[in-house]
Structures are given as C-alpha cells and as structure tokens.
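K.L.:
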Amino acid sequence: MTRRLLIVSPHWPPVNAPDLQRVRMSLPYYREHGWEPVVLTVHPDDVAGVREPELLATVPADSHIETCRAWPLERARRFGLGSLGIRAWNALRRTGDRLLSRERFDLVFFSNTQFVTFTLGPYWRRRYGVPYVIDIQDPWRTDYYERPGAPRPPGGRKYLLARLIARLGEEPTYRRAAGFVSVSGRYCDDLSQRYPWFGNKPRAALGFGMSERDLAAARALPPSPHAWRPQPGEIHLLYTGAAGPIMPHALDFLFSSFRRFRDVQPAAASRFRFHFYGTSYVRPAEGHPRIQPVAAAHGVDDLVDEIPHRLGHLESLALQLQADALLLPGSSDLAYSPSKLYPYYLSGKPILGLVFAGSYLEALLHDLNCATIATIPAAAATAKPDRVLVRFFEDALAGFPPVSQPVRRNDLFRSRFLAERLTAQQCQLFDQVAASERHSGQA
Numbered sequence: 283m284t285r286r287l288l289i290v291s292p293h294w295p296p297v298n299a300p301d302l303q304r305v306r307m308s309l310p311y312y313r314e315h316g317w318e319p320v321v322l323t324v325h326p327d328d329v330a331g332v333r334e335p336e337l338l339a340t341v342p343a344d345s346h347i348e349t350c351r352a353w354p355l356e357r358a359r360r361f362g363l364g365s366l367g368i369r370a371w372n373a374l375r376r377t378g379d380r381l382l383s384r385e386r387f388d389l390v391f392f393s394n395t396q397f398v399t400f401t402l403g404p405y406w407r408r409r410y411g412v413p414y415v416i417d418i419q420d421p422w423r424t425d426y427y428e429r430p431g432a433p434r435p436p437g438g439r440k441y442l443l444a445r446l447i448a449r450l451g452e453e454p455t456y457r458r459a460a461g462f463v464s465v466s467g468r469y470c471d472d473l474s475q476r477y478p479w480f481g482n483k484p485r486a487a488l489g490f491g492m493s494e495r496d497l498a499a500a501r502a503l504p505p506s507p508h509a510w511r512p513q514p515g516e517i518h519l520l521y522t523g524a525a526g527p528i529m530p531h532a533l534d535f536l537f538s539s540f541r542r543f544r545d546v547q548p549a550a551a552s553r554f555r556f557h558f559y560g561t562s563y564v565r566p567a568e569g570h571p572r573i574q575p576v577a578a579a580h581g582v583d584d585l586v587d588e589i590p591h592r593l594g595h596l597e598s599l600a601l602q603l604q605a606d607a608l609l610l611p612g613s614s615d616l617a618y619s620p621s622k623l624y625p626y627y628l629s630g631k632p633i634l635g636l637v638f639a640g641s642y643l644e645a646l647l648h649d650l651n652c653a654t655i656a657t658i659p660a661a662a663a664t665a666k667p668d669r670v671l672v673r674f675f676e677d678a679l680a681g682f683p684p685v686s687q688p689v690r691r692n693d694l695f696r697s698r699f700l701a702e703r704l705t706a707q708q709c710q711l712f713d714q715v716a717a718s719e720r721h722s723g724q725a
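Numbering of the sequence shown is given in my numbering, commencing with residue 283 and proceeding in unit increments.
1) Less than 8 angstroms between the CB atoms is what I'm expecting for VAL463 and GLY489, so what's the real figure, rounded?
2) What residue range is occupied by the uninterrupted alpha helix (DSSP H) comprising ASP417?
3) Could you tell me which residues DSSP pairs with SER393 in its beta bridges?
4) Using three-state DSSP, classify HIS580 as helix, strand or coil.
5) Within 10 angstroms of its Cβ, does VAL685 collect 16 or more other Cβ (buried), or is it exposed?
6) Give the straight-line distance between the Cα atoms of GLN724 and ASP615, rounded to the nearest whole angstrom.
7) Ignore the nearest five residues each way along the sequence and tell me which others in GLN687's own chain have a CB closer than 7 angstroms to its CB.
8) Looking only at its own chain, which residues have a Cβ that is under 6 angstroms from the Cβ of GLU597, when we skip the five neighbours before and after it?
9) Provide the residue(s) that pair with PHE554 in DSSP beta bridges, ordered along the chain.
10) Which one of ASP417, ASN372 and ASN394 has the shortest CA to CA distance from TRP406?
11) Tell me where the alpha helix (DSSP H) around PHE462 begins and ends.
12) For LEU717, count neighbouring C-beta atoms within 10 Å of its own C-beta (all shown protein chains included) and say buried if the count is 16 or more, exposed if not.
13) Taking only three categories from DSSP, how would you classify GLN724?
14) In whole angstroms, give me the CA-to-CA distance for HIS557 and ASP545.
15) To the nearest angstrom, how far is it from the Cα of VAL715 to the Cα of PRO484?
16) Does the count of Cβ pairs from the stretch 648-657 and the stretch 619-636 closer than 8 angstroms reach three?
17) Got a sec? Which residues, its chain only, sit under 6 angstroms from THR705 by beta carbon, not counting five neighbours each side?
18) Taking the alpha-carbon positions, what's the GLN396 to PRO504 distance?
19) Near PRO667, what residues of its chain come up, given a Cβ to Cβ distance below 6 angstroms and the 5 sequence neighbours on each side ignored?
20) What span of residues does the alpha helix (DSSP H) with LEU374 cover, start to end?
21) Buried or exposed for ALA600, going by 16 or more other Cβ atoms inside 10 Å?
22) What distance in whole Å lies between the Cβ atoms of GLN604 and ALA509, which are believed to be in contact at a cut-off of 8 angstroms?
23) As a quick exercise: from HIS315, VAL332, LEU446 and PRO319, pick the residue whose alpha carbon is nearest that of HIS293.
24) Beta-carbon within less than 6 angstroms of ASP388's beta-carbon, same chain only, minus the 5 sequence neighbours each way: which residues are those?
25) Hey, which unbroken runs of the beta strand (DSSP E) at 3 residues or more fall wholly within the stretch 604-665?
26) Just reading off the beta strand (DSSP E) that VAL290 is part of, what are its end residues?
27) Does the beta-carbon of ASP534 have 16 or more other beta-carbons within 10 angstroms, so that it is buried, or is it exposed?
28) Across the stretch 581-594 and the stretch 318-326, are there enough close Cβ pairs to call them in contact, namely three or more that are closer than 8 angstroms?
29) Is the separation between the beta-carbon of ALA701 and that of GLY491 shorter than 7 angstroms?
30) Return the CA-CA distance between LEU366 and VAL329, expressed in angstroms with no decimal places.
31) Mind checking which residues open and close the alpha helix (DSSP H) that includes VAL670?
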C-alpha cells in the first residue's frame with residue numbers, strides 16, 4: 283500500500299540552499315519504497331538566496347510541488363524579520379491546512395533548517411491527526427556560543443531572538459514528534475541528555491549522502507566562469523561551501539603550517555594555490571572575504587583565492603572535478619557533519635581532512651578511509667610545520683602517487699551514503715513511525 287508524505291521544505295529549486303538537498307536527492311526514490319511525496323515550499327520570488335536553474339533538471343518531472351507566497355522580504359526587513367521561516371510560517375500553515383483537510387496524508391516530514399516551521403507539526407497533529415518526523419540538519423537549540431573560548435555569536439539581536447524561540451519551542455515541538463532523522467547521531471545523543479523522554483523516540487542518523495545523478499549533471503555543465511586557469515606546475519587545492527565562525531581553528535592550523543613549510547621550501551610552496559569558493563550564503567557582490575583575513579594573518583594570502591558568495595551546487599561539483607585535491611576543514615563543534623564530504627568522495631580526488639580529535643568528522647574519515655587526516659592541535663602550534671600536512675604537500679608535489687593515497691572503502695560508501703540507499707533508510711523510519719502510530723491508536 284502506498285502511503286502519502288507531506289514534505290515541508292521552504293527552500294526549493296531553482297533556489298540553491300543546503301537544507302533542501304536531502305529531499306531533492308531523495309525525491310526520485312520515495313515511490314519505490316512505498317511513499318508518495320508532496321513537497322510544500324515557498325515561491326522562489328519570496329526567497330533570498332542564490333538561484334541555480336540547473337537544479338530543476340534534477341527534480342523528477344512528475345513531482346507534486348505545492349508553493350505558497352511568503353511575506354515579502356523587503357517589507358519584513360523593515361520590522362527586522364528577514365527569516366524565511368518566520369515570513370513563510372502563516373502561508374505554509376494555510377497551504378498545509380488546505381492539503382491536509384482535502385487529502386489523506388500518513389506523515390509530515392520537516393526537512394529544513396527554518397526551525398520555526400517545525401512548530402507547525404504539533405498544530406497539524408492536533409488538528410488533523412497526522413504524525414510528523416523532524417530532520418535535524420543542525421541543532422535548533424545550542425549552547426555552542428556560550429562555551430568558554432567560543433566566538434561571538436553572529437546576528438546580534440537576531441541571534442538573541444532565535445535563541446529565545448529555540449528555548450521556548452524545541453521541547454514541546456520535539457516531544458510531540460513521532461520520530462527523527464539526524465545528520466549526526468551526536469545531535470540525538472545531546473537531545474537524549476537534555477530530555478529524558480527523547481531516548482524513546484524512533485530515530486535514524488543519516489547523512490545527506492550524494493547522488494550520482496548530480497555528478498553526471500555536473501560533468502555535463504559548460505565550463506564554470508569561476509574556474510581558475512591552471513598554469514604548468516601549479517597545484518590547486520579547493521574548498522567549496524560556507525565557512526562559518528566555527529571553522530577558523532582549522533584554517534589557522536592549515537595556514538600556519540603551510541607558512542612554515544614555505545619558509546623551508548619556498549620554491550616548492552610557490553606552486554600551491556588555495557581556492558575557497560562560496561564561503562558565505564550571500565549573493566554576488568554582497569559577501570565579504572572570510573578566509574583571506576586568516577590567510578593574511580599567516581602571510582600566505584598571496585596564494586589564496588576566495589569567492590565569498592554562494593555558488594551553485596552543480597557548479598561546485600564541477601569545480602571539485604577540476605581541482606588537484608580537496609580541503610575539508612573540521613569544526614570545533616565535534617558533532618559537525620559536513621555534507622560536502624560525500625561529493626568529495628565521489629569525485630575521486632585526494633582529500634585533506636583537518637579534524638579535531640574525537641570529532642564525528644574524524645570517525646567518519648577513518649571509517650571511509652578516504653583522506654589524509656591531520657589532527658588540529660589543542661595547544662598553540664609549534665615552530666615546525668605539522669608532519670602530516672608536510673607529507674600531504676610533498677605528495678601533492680609528486681602528483682599524488684597511488685601509494686600515497688588510502689584505499690577507499692567503496693562498498694561501505696555505496697551502502698551508507700548514496701542517495702538511493704539513504705532514501706530507503708528514511709522510508710524504513712517512516713514505515714516504523716506509521717506502524718507505531720497505528721498500533722498505539724494515536725495520530
């Protein structure tokens with residue numbers, strides 16, 4: 283029997299945003315696992331984000347997409363309410379009311395990082411008896427910025443408002459949820475410590491994974507206007523994606539060690555080029571460099587190229603295929619699970635992981651055996667460059683001979699991190715939730 287699934291994802295192609303990628307990659311596979319999806323989203327004209335029309339070709343032509351209109355951004359900003367979740371909350375509620383009152387749905391799935399939209403779950407559950415599952419892509423409530431040594435929180439008053447909403451909204455919203463998907467098992471562990479009842483909730487730790495269809499689409503793109511023009515002898519190392527305030531430790535480690543390497547081997551070091559592309563979520567001409575100042579502090583900014591504005595998902599994949607190696611800086615948030623690891627893996631390029639000891643990223647890289655792993659020191663760096671990084675630089679200078687690269691665990695990757703397999707695991711959780719709801723007589 284086919285069940286019906288209402289998916290709430292305010293971002294949707296042609297908008298390019300990280301939090302839509304799980305559903306976009308899963309959409310071709312839900313039906314084969316017994317779930318008929320309907321995506322509830324916001325009209326792209328009401329979304330402040332980078333447009334990537336090429337993503338539309340990755341959405342099945344027969345997909346059922348319901349759009350609503352959010353409160354216009356320019357008007358909302360006059361009141362300091364630029365958040366898409368706040369601007370679209372009432373429109374999502376009205377459209378969801380219409381769908382749920384006219385049609386049968388077995389489950390609602392919130393897969394986004396507009397956390398305030400999660401509060402529609404308890405409302406719809408009370409009114410229509412439909413259970414809901416929440417996708418924890420990032421922590422809603424976090425004490426990261428209150429920890430000793432943490433950077434100042436971004437956003438000023440907006441951060442304080444978001445923090446207040448999280449403290450008031452997380453517990454009652456999560457308590458009523460029928461189940462959870464999470465990109466990191468550590469997020470669920472943290473919630474189990476905070477709320478004793480959380481440990482009894484059905485849940486599955488599932489990364490975003492990667493779609494081989496995306497890689498094929500990226501290969502078919504015309505050359506990127508952002509692509510560098512390699513010169514003979516140059517070695518190009520690339521990082522794609524946002525670089526938030528939780529990443530500078532890894533960058534300090536990388537650049538300080540490279541500076542010391544250059545002090546010893548200046549001619550060899552001059553061959554390297556570091557590219558950091560799409561380091562913020564803003565549109566072109568709106569972003570400010572985040573990596574260049576860190577590189578400048580270590581005297582290596584002449585070898586660093588940064589594009590602050592967000593790039594398209596497929597364009598980023600195409601650039602990864604052009605690079606000689608890929609950079610994967612870790613976060614001081616030990617539960618951090620970078621979704622970019624999965625396209626990095628499929629690209630087949632050498633990967634340099636800069637990780638904190640005991641982090642989820644460190645464990646994942648060891649499991650997949652897919653990267654050179656350099657551990658970020660807890661204390662101040664010594665006067666010598668890190669030996670793991672030096673070895674990686676020397677391997678790069680030698681053209682990354684096969685013996686220098688770990689033997690990747692392709693069977694493990696394909697079983698755990700391809701989109702079709704992860705969709706199957708999502709649907710197993712949905713089946714479990716649906717069966718549990720029927721057995722308990724609750725809705």
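Quick reminder that beta carbons are idealized off the backbone N, C-alpha and C, glycines included. Just so it is clear, the structure is predicted and the values come from calculations on it, not from any experiment.
P.N.:
Straight from the coordinates:
1) Taking the first residue of the sequence shown as 1, we reach residue 463 at position 181. Taking the first residue of the sequence shown as 1, we reach residue 489 at position 207. Not quite, the Cβ-Cβ distance comes to about 10 angstroms (not below 8 angstroms), so this is no contact.
2) Working through the sequence shown from its first residue, we reach residue 417 at position 135. That residue, ASP417, is in no alpha helix (DSSP H); its beta strand (DSSP E) goes 414-418.
3) Position 111 of the sequence shown, counted from the first residue, corresponds to residue 393. For SER393, which the question treats as bridged, DSSP gives the partners ASP417.
4) Here residue 580 refers to the residue found at position 298 when the sequence shown is read from its first residue. If DSSP states are grouped into helix, strand and coil, HIS580 belongs with coil.
5) Stepping through the sequence shown from its first residue, residue 685 is reached at position 403. Per the 10 Å Cβ criterion, exposed.
6) Translated into the one-based positions of the sequence shown, residue 724 becomes position 442. Translated into the one-based positions of the sequence shown, residue 615 becomes position 333. Any reading at GLN724 must be qualified, since the residue scores a pLDDT of 49, below 50, and its modelled position is unreliable; the value itself is stated next. Rounded to the nearest angstrom, the two C-alpha atoms are 37 angstroms apart.
7) Here residue 687 is taken as the residue at index 405 of the sequence shown, counted from 1. Hits under 7 angstroms: PRO632.
8) For the purposes of this step, residue 597 is identified with residue 315 of the sequence shown, where counting begins at 1. Only SER506 meet the Cβ criterion.
9) Your numbering for residue 554 matches position 272 in the sequence shown. DSSP, once it has assigned bridges, lists ILE517 as partnering PHE554.
10) Residue 406 sits at position 124 when you count from the first residue of the sequence shown. Per the Cα distances, ASN372.
11) Position 180 of the sequence shown, counted from the start, is the residue given in the question as residue 462. Looking at the DSSP string, PHE462 is not in any alpha helix (DSSP H); the run it does join, the beta strand (DSSP E), is 461-464.
12) Taking the first residue of the sequence shown as position 1, residue 717 is located at position 435. The question names Leu, but residue 717 in the sequence shown is Ala. Its Cβ having fewer than 16 others within 10 Å, ALA717 is exposed.
13) Counting from 1 along the sequence shown, the entry for residue 724 is found at position 442. Confidence is the limiting factor: at GLN724 the pLDDT is only 49, short of 50, which leaves the residue's position unreliable, though a coordinate-based value still follows. Note: GLN724 maps to coil in three-state DSSP.
14) Within the sequence shown, the letter at position 275 stands for residue 557. Within the sequence shown, the letter at position 263 stands for residue 545. Near 21 angstroms, if we compare the C-alpha coordinates of ASP545 and HIS557.
15) For the purposes of this step, residue 715 is taken as residue 433 along the sequence shown, with counting starting at 1. For the purposes of this step, residue 484 is taken as residue 202 along the sequence shown, with counting starting at 1. Going from the Cα of VAL715 to the Cα of PRO484 covers about 7 angstroms.
16) yes
17) Along the sequence shown, read from residue 1 onward, the residue named residue 705 stands at position 423. Contacts found: SER308 and TYR311.
18) Start at 1 with the first residue of the sequence shown, and residue 396 comes out as number 114. Start at 1 with the first residue of the sequence shown, and residue 504 comes out as number 222. In a straight line, the C-alpha of GLN396 is about 33 angstroms away from that of PRO504.
19) By one-based count along the sequence shown, residue 667 stands at place 385. SER539, ARG542 and PHE543.
20) Against the sequence shown, residue 374 aligns to sequence position 92. Start and end: 366-384.
21) By 1-based counting over the sequence shown, the position of residue 600 is 318. By the neighbour-count rule (16 or more Cβ atoms within 10 Å), ALA600 is buried.
22) For this step, residue 509 is matched to residue 227 along the sequence shown. For this step, residue 604 is matched to residue 322 along the sequence shown. Right, the Cβ-Cβ distance comes to about 6 angstroms (below 8 angstroms), so this counts as a contact.
23) Taking the first residue of the sequence shown as position 1, residue 293 is located at position 11. Nearest option by C-alpha distance: VAL332.
24) The residue given as residue 388 occupies position 106 in the sequence shown. Counting only Cβ-Cβ distances below 6 angstroms, and skipping sequence neighbours, we find ARG285, ARG286 and ALA716.
25) 607-611, 633-637 and 654-657
26) Residue 290 sits at position 8 when you count from the first residue of the sequence shown. 285-290 is the extent of the beta strand (DSSP E) around VAL290.
27) Taking the first residue of the sequence shown as 1, we reach residue 534 at position 252. The residue is buried, with at least 16 neighbouring Cβ atoms inside 10 Å.
28) no
29) Translated into the one-based positions of the sequence shown, residue 701 becomes position 419. Translated into the one-based positions of the sequence shown, residue 491 becomes position 209. For ALA701 and GLY491, yes; Cβs fall inside 7 angstroms.
30) Along the sequence shown, one-based indexing puts residue 366 at 84. Along the sequence shown, one-based indexing puts residue 329 at 47. One C-alpha to the other measures close to 7 angstroms.
31) The sequence position of residue 670 within the sequence shown is 388, counting from 1. That run of the alpha helix (DSSP H) goes 669-679.
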